[in-house]
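*Asks:* Below you'll find the structure I mean.
Protein chains in written order, with UniProt numbering: chain A, 1 to 299; chain B, 1 to 299.
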């Protein structure tokens, strides 16, 4: 059992150095929700309608601001207001994937000014550590958080094996101030418990979920692994398994939270595509994911 | 010597099935320019000023529309008008990196409507082939082209080795209608000539530039490799070697075009940061890259 998965969200909130991670964990505990809704719709009205319907059920609203045809900073302000009123965090799923100089501008500038309203965003580790340096120069002073994409949910993606291992290492090398976790399908951060002997040797060899195999002694990460606390947010979730025609693959809340030890399920079409019943369906997801978490704590 | 690198751009233009690739190769020949300028500036006025200064020297203008604070579709229209008047193609360096369903919307919708004005865009192969299916469903009917990022220029990036090999395979599996080439540092598409014996066996083992090792017989690609023609566009170019503080690394035009056999150099800060002398400096880059190409043809 991964040490992080047997702690309550409340316990984890108390110890986290990043304000956004702390707030997310507090909200999860307070609302008994480890459900994020992904609002992949293309107008301000649709986004706000869905958020108003399901905002009380979720810990996090995930946006794609660049698909919204009438996006304005006033809309962003309204979303921030709702996030305070309905108690959720805003996660712009930008998947930054460029060199440091460019992502710095993409995060802070342009029509969207993502850093001015999104509590959390994410980036691919692909361009190397410069992407984290660039984004943190903008986001860390604002108390924002960053997730690295260590795995993806889509068919035949390349974020596997050594790639995933390097994503985790890059997060560790960056420290805990800005990189607060991963987008992943599994508990990619040291899946095995740290034995005393391993600790003395400074070596941790991950196993159990197939992907992570981490040398805890490497390159700037030499710390106390019990202090580590990465949030794992997992996309590709529906109440029944399946996929779409463009390679998306779905798992259930129980698989994600109980079997794989992840922290938050991200549900998109499973909620927003069920027109008129969004709140009802969101409650089903919230309940399923929360029960899986409670069951995990009892193990 | 890679077979593509000993053909003229004019010869290659005649045979290419994709209209954007064909137009780019024709422009390169007509203007004697294998120089793309990257306009990484944050206002419409700055972008247009740079384009008006250097537009006649370049075959391609590379944009980051999401860093422009006053972007409008009218600006995009003006850019398209200039691209016709000054004879260059527009390449939006979006680095799509999401699942098929999402990139379809990011490419066609939102405030930027990239597919409506950008001749060329690019994507990371990381999410798997669904990203190509999604983008091509929008772009191919419009005659647009897509580059896959097979390598990156930034320090300690993860687009190396097997990742690069899989990027090239993914392009081959997608066919030649929409994926027209790569962002790469090297000639990643089969660096070695295809011998008759290899052709009989259906096997091509790449070597020479360290990254590509491609099984030409695999999964949907069984064709005549002499017909293959991928454009390789290469970022991270300055007249002198060096880097920035966020991990960018620079090579010279000669290294990129002559030594590595790439097709187009992409120059950003090397041109637009030399205020007031953009046209003069662009001409230096154009000349250096074109001479490297002519020298390559004589080998």
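Beta carbons are placed, not taken as given, at the ideal position from N, Cα and C, and that holds for glycine.
How do the segment 75-82 of chain A and the segment 120-139 of chain A stand: do at least 3 beta-carbon pairs fall below 8 angstroms, yes or no?
*Replies:* Because the criterion of three Cβ pairs below 8 angstroms is not met, the segment 75-82 of chain A and the segment 120-139 of chain A do not touch.
*Asks:* Once you ignore the five residues that flank residue 107 (chain B) on each side, which residues in its own chain have a CB closer than 8 angstroms to its CB?
*Replies:* Excluding sequence neighbours, residue 107 (chain B) sits near 94, 96, 114, 115, 121, 134, 135, 138, 139.
*Asks:* Indicate whether at least one CB of chain B lies closer than 9 angstroms to the CB of residue 287 (chain A).
*Replies:* No, residue 287 (chain A) does not count as interfacial toward chain B.
*Asks:* Contact defined as beta carbons within less than 8 angstroms: I believe residue 34 (chain B) pairs with residue 265 (chain B). What is the distance between those atoms, to the nearest angstrom?
*Replies:* The Cβ separation is near 7 angstroms, so the contact holds.
*Asks:* Applying a beta-carbon distance threshold of less than 7 angstroms, which residues of chain A neighbour residue 155 (chain B)?
*Replies:* Chain A residues near residue 155 (chain B): 128, 130.
*Asks:* On the CB-based measure, 16 or more other CB atoms within 10 Å of its CB, does residue 73 (chain A) come out buried or exposed?
*Replies:* So residue 73 (chain A) ends up on the exposed side.
*Asks:* Quick one: which residues of the segment 245-272 of chain B get their C-beta closer than 7 angstroms to a C-beta of chain A? List them in chain order.
*Replies:* If the cut-off is 7 angstroms between Cβ atoms, the segment 245-272 of chain B has 246, 247, 248 near chain A.
*Asks:* Looking at residue 237 (chain A): is its Cβ nearer than 9 angstroms to the Cβ of residue 285 (chain A)?
*Replies:* Yes. Within cutoff.
*Asks:* Span of the alpha helix (DSSP H) holding residue 229 (chain B)?
*Replies:* No alpha helix (DSSP H) contains residue 229 (chain B), which DSSP labels as neither H nor E.
*Asks:* Return the residues of the segment 89-109 of chain B that lie within a Cβ-Cβ distance of less than 8 angstroms from chain A, sorted by chain order.
*Replies:* So the list reads 93, 95, 97, 98, 99, 100, 101, 102, 104, 105, 106, 109, given in the order they occur along the chain.
*Asks:* Could you list the residues in the segment 155-170 of chain B with a C-beta less than 7 angstroms from some C-beta on chain C, going in chain order?
*Replies:* Note that chain C does not occur in the displayed structure, where the protein chains are A and B.
*Asks:* Counting Cβ pairs closer than 8 angstroms, one from the segment 64-72 of chain B and one from the segment 35-43 of chain B, do we hit at least three?
*Replies:* Enough Cβ pairs lie closer than 8 angstroms, so yes.
*Asks:* Quick check on residue 211 (chain B) - is its C-beta less than 9 angstroms from some C-beta in chain A?
*Replies:* Summary for residue 211 (chain B): the model assigns pLDDT 36, below 50, so the residue's position carries little reliability, and this model does not support an answer.
*Asks:* With residue 37 (chain A) as the anchor, note down where its beta strand (DSSP E) starts and where it stops.
*Replies:* It spans 35-38 - the beta strand (DSSP E) in which residue 37 (chain A) sits, taken as one unbroken run.
*Asks:* Taking its Cβ as the centre, do 16 or more other Cβ atoms sit within 10 Å of residue 216 (chain B), making it buried, or is it exposed?
*Replies:* Model confidence at residue 216 (chain B) stands at a pLDDT of 35, short of 50, so the residue's coordinates are unreliable; what they give is reported in the following sentence. Residue 216 (chain B) is buried by the Cβ-count criterion.
*Asks:* Quick one: Cα of residue 5 (chain B) to Cα of residue 190 (chain B), how far?
*Replies:* Computed Cα separation, rounded: 12 angstroms.
*Asks:* Using the beta-carbon of each residue, which ones in chain A are nearer than 7 angstroms to residue 125 (chain B)?
*Replies:* Those are 158, listed as they occur along chain A.
*Asks:* Going by DSSP, name the residue or residues bridged to residue 62 (chain B).
*Replies:* DSSP lists B:38, B:91 as partners of residue 62 (chain B).
*Asks:* Note down, in chain order, each residue of its chain lying with its Cβ closer than 7 angstroms to the Cβ of residue 143 (chain A), except the 5 sequence neighbours on either side.
*Replies:* These residues qualify, in order along the chain: 19, 20.
*Asks:* On the premise that residue 44 (chain B) lies in contact with residue 71 (chain B), defined as a C-beta separation below 8 angstroms, what is that separation, rounded to the nearest angstrom?
*Replies:* With a Cβ gap of about 7 angstroms, residue 71 (chain B) and residue 44 (chain B) count as contacting.
*Asks:* Would a C-beta distance cut-off of 9 angstroms place residue 178 (chain B) and residue 130 (chain B) closer than the cut-off?
*Replies:* Going by C-beta atoms, residue 178 (chain B) is not nearer than 9 angstroms to residue 130 (chain B).
*Asks:* Along chain B, in chain order, which residues have C-beta atoms closer than 8 angstroms to that of residue 42 (chain A)?
*Replies:* Neighbours of residue 42 (chain A) on chain B, chain order: 105, 109, 110.
*Asks:* Which residues in chain B have a C-beta closer than 9 angstroms to the C-beta of residue 69 (chain A)? List them in chain order.
*Replies:* By Cβ distance, chain B contributes 109, 110, 111, 113.
*Asks:* Is the beta carbon of residue 281 (chain B) sitting closer than 9 angstroms to the one on residue 271 (chain B)?
*Replies:* Going by C-beta atoms, residue 281 (chain B) is nearer than 9 angstroms to residue 271 (chain B).
*Asks:* Please state whether the Cβ-Cβ distance between residue 86 (chain B) and residue 47 (chain B) is less than 9 angstroms.
*Replies:* Result no, Cβ atoms of residue 86 (chain B) and residue 47 (chain B) do not sit closer than 9 angstroms.
*Asks:* So with Cβ pairs under 9 angstroms, would you call residue 66 (chain A) a contact of chain B?
*Replies:* Taking Cβ atoms only, chain B reaches closer than 9 angstroms to residue 66 (chain A), which makes this a yes.
*Asks:* Please report whether the beta-carbon of residue 175 (chain B) lies at a distance below 9 angstroms from any beta-carbon of chain A.
*Replies:* False, the Cβ-Cβ gap to chain A never drops below 9 angstroms.
*Asks:* State buried or exposed for residue 278 (chain A), treating a residue as buried only when at least 16 other CB atoms are found within 10 Å of its CB.
*Replies:* By the 10 Å Cβ count, residue 278 (chain A) comes out buried.
*Asks:* Could you check which residue in A:174, A:173, A:183 has the C-alpha nearest to that of residue 159 (chain A)?
*Replies:* When only C-alpha atoms are compared, the closest one is A:183.
*Asks:* Closer than 9 angstroms, CB to CB, is residue 12 (chain A) near chain B or not?
*Replies:* Chain B contact via Cβ: absent.
*Asks:* Give a yes or no on whether the minimum CB-CB distance between residue 354 (chain A) and chain B is below 9 angstroms.
*Replies:* Only positions 1 to 299 of chain A appear in this structure, which leaves residue 354 (chain A) out of reach.
*Asks:* Which runs of the beta strand (DSSP E) at least 3 residues long sit entirely within the segment 236-298 of chain A? Give them in chain order.
*Replies:* The segment 236-298 of chain A contains these whole beta strand (DSSP E) runs: 264-267.
*Asks:* Can you give the Cα-Cα distance for residue 105 (chain A) and residue 28 (chain B), rounded to whole angstroms?
*Replies:* So the alpha carbons of these two residues sit roughly 30 angstroms apart.
*Asks:* When DSSP builds the beta bridges, which residues end up paired with residue 332 (chain B)?
*Replies:* Any property of residue 332 (chain B) remains undetermined from this structure, which presents chain B solely from 1 to 299.
*Asks:* Please determine, among B:98, B:298, B:132, the residue with the shortest C-alpha to C-alpha distance to residue 152 (chain A).
*Replies:* Minimum Cα distance to residue 152 (chain A) is reached at B:98.
*Asks:* Bridge partners of residue 24 (chain B), per DSSP?
*Replies:* Per DSSP, none; premise fails for residue 24 (chain B).
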